[in-house]
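Structure first, commentary second.
Residue numbers (the numbering used here): 23 to 578.
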């Protein structure tokens with residue numbers, strides 16, 4: 023079957039002569055680290071089963087009608103599979119409207135965190151035929167098989183599907199009318215115990231129970247990266263390798279605590295070191311210029327024994343290479359780990375041997391009250407996380423912090439604690455985000471209960487870069503002000519003044535999409551600006567030419 027997979031991003035570039043709308047945007051992803059593993063896994067399993075998969079990436083300035091009319095006429099798909107986080111759902115709804123407007127018979131299948139965490143909202147959209155709840159690796163194969171064999175979908179675990187009262191089968195070739203007045207008339211070859219049916223008027227909604235989590239991640243095909251190349255501005259930049267799925271912690275602002283309840287079985291899973299290194303080697307052969315890889319997992323500390331095993335085998339693998347690869351990854355610091363300094367130092371020694379050059383760790387807030395009462399973070403004191411950062415520096419491992427601000431219940435005094443602790447940690451960089459309330463998370467519900475979210479929902483434009491909530495002890499205006507000045511307050515005396523100014527200016531312009539788009543356009547297309555940036559990094563900011571600026575990656 024011919025299938026189109028659709029991904030959407032909020033970033034876009036514009037030519038200086040058009041500013042707000044460039045109809046020729048072709049490469050909205052900066053580097054391979056921006057490849058989403060959810061949709062990549064779906065497209066890879068479909069390709070492995072012999073389906074012909076085409077990828078489309080859209081952004082705010084994509085001419086949807088023109089693009090999808092061309093794609094549909096050229097590839098004649100039988101299935102359009104899309105993914106969306108909550109902030110991207112409005113754009114994805116535009117896509118489904120356009121697709122159905124071009125060919126109303128196309129089957130539109132939506133997955134991703136929004137479909138999983140807000141399924142009633144997702145399936146309610148008129149031009150969505152079915153949604154996937156949770157992992158879709160197996161579900162999408164069965165959906166494609168049933169569409170090809172019988173023209174409709176029924177009884178697929180993890181899938182909610184609409185059945186119109188007047189159904190036409192979507193068989194290949196001439197469409198054949200089928201006399202169906204109710205879902206009970208449909209065959210259910212694989213119908214699950216627990217399937218429910220609800221009459222929605224124009225259609226009947228079939229809700230199937232979820233299957234268990236996929237435990238053997240090694241059984242899944244490696245990501246098909248070649249299909250993403252046309253959409254990436256710098257395909258030879260650092261790449262991401264998926265290490266595992268799931269997170270053992272239950273932070274209120276993150277979707278993982280909700281995703282863990284979706285299915286039975288083990289939520290936190292890892293690939294074997296052998297399978298990880300097999301993909302690393304394959305990617306390295308495919309992209310020989312790449313010298314740094316992001317080992318993507320929620321926290322490598324979820325299984326310290328496996329982490330040490332992986333590090334040892336990465337060290338052996340690097341000895342076989344003329345140019346050893348560098349790696350970086352996420353790690354959650356917690357008190358049970360920090361109470362044994364010998365264990366901590368052994369971890370960093372293993373990191374150094376494996377050429378792990380940097381770790382991303384979540385400070386999130388410097389207020390221990392906020393971390394405990396609002397964020398439900400793994401337990402660690404400010405003293406412990408500052409000490410962790412100090413030991414990392416001793417072993418030559420860089421630290422990049424995740425920091426949140428503008429949280430429900432956070433005060434300006436709490437934020438001052440964040441600045442103080444971040445400054446004492448002396449990180450190499452910071453991923454600074456303004457809190458964005460995601461439906462389905464506990465902190466979203468807290469925001470609703472506190473009356474912080476309007477009836478029409480939160481403003482999702484420029485999420486993480488623009489203040490969403492107006493807090494009693496930390497106003498939206500103050501959050502915006504502190505977001506811009508963060509770099510000066512945290513890095514003065516540690517970074518060069520020009521480097522601080524550069525980050526401050528970027529923080530100021532980031533919420534203004536046309537301005538940010540113009541900056542991005544120049545960064546990606548102008549050779550002069552490229553040379554200027556390199557000069558600034560080395561001569562002004564004092565950054566080593568070998569240093570790679572960490573890339574913020576999508577965890578969901």
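C-beta atoms are modelled at their ideal positions from N, C-alpha and C, and glycine is treated no differently.
Based on the DSSP output, what are the partners of residue 133 in its beta bridges? On the chain shown, position 111 is the one that residue 133 refers to. Note: residue 133 sits in a beta bridge opposite 105.
Answer yes if the stretch 235–255 comes into contact with the stretch 293–309, meaning at least three C-beta pairs across the two stretches below 8 angstroms, and no otherwise. A contact is defined here as three or more CB-CB pairs under 8 angstroms, and the stretch 293–309 meets this definition with respect to the stretch 235–255.
Host beta strand (DSSP E) of residue 176 (start-end): Counting from one through the chain shown, the residue named residue 176 turns up at place 154. Element bounds for residue 176: n/a, residue is neither H nor E.
Taking the alpha-carbon positions, what's the residue 157 to residue 180 distance? Locating residue 157 in the chain shown gives position 135, where the first residue counts as 1. Locating residue 180 in the chain shown gives position 158, where the first residue counts as 1. Their Cα atoms are separated by approximately 8 angstroms.
From the DSSP output, read off the bridge partner residues of residue 184. As a working note, residue 184 is residue 162 in the chain shown. For residue 184, the pairing in a beta bridge is given by DSSP as 227.
Using a Cβ-Cβ cut-off of 9 angstroms, state whether residue 70 counts as contacting chain B. You won't find chain B in this structure, because it holds only one protein chain.
Evaluate the contact criterion for the stretch 269–289 versus the stretch 461–470: three or more CB pairs, one atom per stretch, below 8 angstroms. yes
Just how far apart, CA to CA, sit residue 265 and residue 455? Here the question's residue 265 lines up with position 243 in the chain shown. Here the question's residue 455 lines up with position 433 in the chain shown. Spanning the two alpha carbons is a distance of roughly 24 angstroms.
Give me, in chain order, the residues of the same chain whose beta-carbon lies closer than 6 angstroms to that of residue 110; leave out the 5 immediate sequence neighbours on both sides. Along the chain shown, one-based indexing puts residue 110 at 88. Excluding positions up to five away in sequence, the list reads 30.
Identify whether residue 410 lies in helix, strand or coil by the three-state DSSP scheme. By 1-based counting over the chain shown, the position of residue 410 is 388. In the structure shown, residue 410 sits in a helix (DSSP, three-state: H, G or I).
Extent of the continuous alpha helix (DSSP H) run through residue 87: Within the chain shown, numbered from 1, the residue matching residue 87 stands at position 65. Per DSSP, residue 87 belongs to the alpha helix (DSSP H) from 86–97.
Is it right to say residue 184 is buried, meaning 16 or more other beta carbons lie within 10 angstroms of its own, or is it exposed? One-based indexing of the chain shown puts residue 184 at position 162. The residue is buried, with at least 16 neighbouring Cβ atoms inside 10 Å.
Taking the alpha-carbon positions, what's the residue 244 to residue 123 distance? Here residue 244 refers to the residue found at position 222 when the chain shown is read from its first residue. Here residue 123 refers to the residue found at position 101 when the chain shown is read from its first residue. Approximately 34 angstroms between the Cα atoms of the pair.
What is the DSSP secondary structure of residue 258, reduced to helix, strand or coil? What you label residue 258 is simply residue 236 of the chain shown in a count that begins at 1. The answer is coil: DSSP assigns residue 258 none of H, G, I, E or B.
DSSP on residue 456, reduced to helix/strand/coil? Stepping through the chain shown from its first residue, residue 456 is reached at position 434. It is a strand residue.
Look at the alpha carbon of residue 149 and the alpha carbon of residue 171, and state the distance between them as a whole number of angstroms. Locating residue 149 in the chain shown gives position 127, counting from the first residue. Locating residue 171 in the chain shown gives position 149, counting from the first residue. When rounded, the distance between both Cα atoms is 23 angstroms.
Which same chain residues, not among the five before or five after residue 337, have their C-beta less than 6 angstroms away from its C-beta? Numbered from its first residue, the chain shown carries residue 337 at position 315. 375, 376, listed in sequence order.
Which of helix, strand or coil does DSSP assign to residue 298? Here residue 298 refers to the residue found at position 276 when the chain shown is read from its first residue. Reduced to three states, the DSSP call for residue 298 is helix.
Beta-carbon proximity list for residue 288, same chain, < 7 angstroms, skipping 5 on both sides: The residue given as residue 288 occupies position 266 in the chain shown. Same-chain partners within the cutoff: 235, 237.
Residue 424, enclosing beta strand (DSSP E) - first and last residue: By one-based count along the chain shown, residue 424 stands at place 402. Start and end: 420–427.
Quick one: Cα of residue 340 to Cα of residue 58, how far? Against the chain shown, residue 340 aligns to sequence position 318. Against the chain shown, residue 58 aligns to sequence position 36. Cα to Cα, the separation comes out at about 26 angstroms.
Work out the CA separation of residue 373 and residue 458 for me, nearest whole Å. Reading the chain shown from its first residue, position 436 is the one you call residue 458. Reading the chain shown from its first residue, position 351 is the one you call residue 373. Straight-line Cα distance between these residues: approximately 33 angstroms.
Nearest-angstrom Cα separation, counted from residue 143 out to residue 100: Your numbering for residue 100 matches position 78 in the chain shown. Your numbering for residue 143 matches position 121 in the chain shown. C-alpha separation (whole angstroms): 24 angstroms.
Who are the Cβ neighbours of residue 204 in its own chain at under 7 angstroms, not counting the five residues just before and after it? For this step, residue 204 is matched to residue 182 along the chain shown. No answer about residue 204 holds up, because its pLDDT of 42 lies below 50 and its placement is not dependable.
Measuring alpha carbon to alpha carbon, tell me which of 385, 80, 342 ends up nearest residue 354. As a working note, residue 354 is residue 332 in the chain shown. Closest option to residue 354, Cα to Cα, is 385.
In this structure, how does DSSP classify residue 24 when only helix, strand and coil are distinguished? The count along the chain shown starts at 1 and reaches residue 24 at position 2. Strand, per DSSP.
With 16 other CB atoms within 10 Å as the buried threshold, where does residue 582 fall? Coverage of the chain is limited to positions 23 through 578, which leaves residue 582 absent and any answer about it impossible.
Taking the continuous alpha helix (DSSP H) assigned at residue 74, which residues delimit it? Indexing the chain shown from 1 puts residue 74 at position 52. Looking at the DSSP string, residue 74 is not in any alpha helix (DSSP H); the run it does join, the beta strand (DSSP E), is 74–80.
According to the Cβ coordinates, are residue 162 and residue 133 closer than 9 angstroms? In the chain shown, residue 162 corresponds to position 140, counting from 1. In the chain shown, residue 133 corresponds to position 111, counting from 1. Yes; because the gap between Cβ atoms is below 9 angstroms, this pair is in contact.
With a 10 Å radius around its C-beta and 16 neighbouring C-beta atoms as the bar for buried, classify residue 253 as buried or exposed. Here residue 253 corresponds to residue number 231 of the chain shown, with the count starting at 1. Per the 10 Å Cβ criterion, buried.
Would residue 114 and residue 106 be called neighbours here (beta carbons separated by less than 9 angstroms)? In the chain shown, counting from the first residue as 1, residue 114 sits at position 92. In the chain shown, counting from the first residue as 1, residue 106 sits at position 84. Yes, these two residues count as a Cβ contact at 9 angstroms.
Which first and last residues belong to the beta strand (DSSP E) in which residue 382 is found? Sequence index remark: in the chain shown, residue 382 carries index 360 (1-based). Run containing residue 382: 378–386, per the beta strand (DSSP E) assignment.
With 16 other CB atoms within 10 Å as the buried threshold, where does residue 472 fall? One-based indexing of the chain shown puts residue 472 at position 450. With fewer than 16 Cβ atoms within 10 Å of its Cβ, residue 472 is classed as exposed.
Taking the beta carbon of residue 271 as the centre, do at least 16 other beta carbons fall within 10 Å, making it buried, or is it exposed? One-based indexing of the chain shown puts residue 271 at position 249. Under this definition residue 271 is a buried residue.
Buried/exposed call for residue 517, threshold 16 Cβ in 10 Å: Your numbering for residue 517 matches position 495 in the chain shown. By the neighbour-count rule (16 or more Cβ atoms within 10 Å), residue 517 is buried.
I need the straight-line Cα distance from residue 349 to residue 485, nearest angstrom please. For this step, residue 349 is matched to residue 327 along the chain shown. For this step, residue 485 is matched to residue 463 along the chain shown. Cα to Cα, the separation comes out at about 28 angstroms.
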